[in-house]
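With this note's numbering applied, the sequence shown corresponds to residues 11 to 317, in that order. C-beta: ideal position from N, C-alpha, C; glycine also. Here's the structure we're looking at; comments come further down.
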Amino acid sequence: MDFNKDLDNTDYGSYDQETDPNKKMKIATIALAAVAVVLAGFLAYIWWQKSTLINDLNIEKEELTAQMIDLQNDYATLSSDYDSINSQLDSSREEVSQLIERIKRTEATNRSMIRKYEKELGTLRSIMRNYIVQIDSLNTLNKKLTADAAKARREAAESRRQSEELSREVQSLSSQVAVGAVIKARGIRLEAYNGSDKLTDRSSRVKKMIVSLALVENDLAKAGPVRVYVRVKDPNGILLTNSTQRTFSVAGGEPMICSASREVDYQGKEVEMGIYINEIPSFEKGIYTVEVYTEQSKLGEAELMLR
């Protein structure tokens, strides 16, 4: 029997049996440590991702809130001259304010609500753009209407001015025609006659007086009968009257008494005429005056000196 061979076999077998469990434990420990490290890394990665996501969601919420506040400020700057639009604007402003409050109360991780608020933000922006378009259109229309109204007022004022000017011209022409249509006279004379129908200037011989004149030609004057009135006053200013006296007025003025009158047919051509002053008991010395009228105007006057 080989002693050395037996000794070697006995020693090696004893050594393997003693060290094998320790080796397995060490390997298991190392494996568990590796798994723990990997698991810890994975958990750290998951935590980091979650933290990053939450941070991103908070930033997104803050941006959404800032956009809503900007929209609120934009709504605050809108104004209109129309009550119906102002009422709608007030309603939209209130809706924006309430939405801001809801966003602030909502957790950033509530993705469904955040997305809902984003859609409402888009809707409110679209509504605001419509308001801007409406207000601009109404302002443009209002400016046009204002300009049209101003133009119409200017045209109306110009029309009134032209009408007034035309009215003044017509009135002026009418006045000119009226003035031109007034019958005038020439050659007015007051003469005294004696009993032999001869001219005299001696008061003691005068039996009657005659007022002579001619109605001048006037194509504008109305044709037809025209009555001429005379008022003869003695040197004392007393009106001479007789049975032929009558009352008349000139152009609607105060009534006057005439010494005598005569009606003639006037056709726009010159008419010579004489009006007698009869039935006067006596005549004094001095200056006699005569005034001649139609119902349109005073034709003139003349004097006579009696000795």
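Exposure of residue i, with buried meaning 16 or more beta-carbon neighbours within 10 Å
i: residue 162; result: exposed
i: residue 55; result: exposed
i: residue 244; result: buried
i: residue 113; result: buried
i: residue 159; result: exposed
i: residue 301; result: buried
i: residue 52; result: exposed
i: residue 231; result: buried
i: residue 312; result: buried
i: residue 99; result: buried
i: residue 48; result: exposed
i: residue 42; result: exposed
i: residue 180; result: exposed
Alpha-carbon spacing of residue i relative to residue j, whole angstroms
i: residue 212; j: residue 316; result: 6 Å
i: residue 123; j: residue 142; result: 28 Å
i: residue 208; j: residue 219; result: 11 Å
i: residue 202; j: residue 229; result: 33 Å
i: residue 120; j: residue 95; result: 35 Å
i: residue 274; j: residue 227; result: 14 Å
i: residue 165; j: residue 84; result: 41 Å
i: residue 25; j: residue 32; result: Any reading at residue 25 must be qualified, since the residue scores a pLDDT of 46, below 50, and its modelled position is unreliable; no value is offered.
i: residue 36; j: residue 64; result: 41 Å
i: residue 214; j: residue 205; result: 11 Å
i: residue 175; j: residue 190; result: 22 Å
i: residue 177; j: residue 157; result: 29 Å
i: residue 133; j: residue 154; result: 31 Å
i: residue 97; j: residue 169; result: 41 Å
i: residue 225; j: residue 247; result: 27 Å
i: residue 30; j: residue 46; result: 24 Å
i: residue 210; j: residue 299; result: 16 Å
Secondary structure of residue i, DSSP reduced to three states
i: residue 293; result: coil
i: residue 180; result: helix
i: residue 190; result: helix
i: residue 216; result: coil
i: residue 237; result: strand
i: residue 226; result: coil
i: residue 278; result: coil
i: residue 256; result: coil
i: residue 206; result: coil
i: residue 308; result: strand
i: residue 272; result: strand
i: residue 51; result: helix
i: residue 251; result: coil
i: residue 243; result: strand
i: residue 263; result: coil
i: residue 301; result: strand
i: residue 170; result: helix
i: residue 92; result: coil
Top-ranked residue by Cα proximity to residue i, from the options
i: residue 290; options: 249, 87, 174; result: 249
i: residue 307; options: 266, 261, 282, 293; result: 261
i: residue 314; options: 200, 39, 265; result: 200
i: residue 107; options: 127, 90, 312; result: 127
i: residue 78; options: 66, 50, 49, 110; result: 110
i: residue 287; options: 191, 240, 138; result: 240
i: residue 150; options: 115, 312, 266, 90; result: 90
i: residue 145; options: 292, 88, 194; result: 88
i: residue 195; options: 67, 49, 76, 310; result: 310
i: residue 282; options: 198, 246, 305; result: 198
i: residue 68; options: 279, 116, 80, 265; result: 116
i: residue 80; options: 234, 147, 135; result: 135
i: residue 234; options: 131, 297, 279, 171; result: 279
7 Å Cβ cutoff met for residue i and residue j
i: residue 276; j: residue 236; result: yes
i: residue 118; j: residue 71; result: yes
i: residue 267; j: residue 257; result: yes
i: residue 251; j: residue 269; result: yes
i: residue 285; j: residue 192; result: no
i: residue 137; j: residue 102; result: yes
i: residue 293; j: residue 242; result: no
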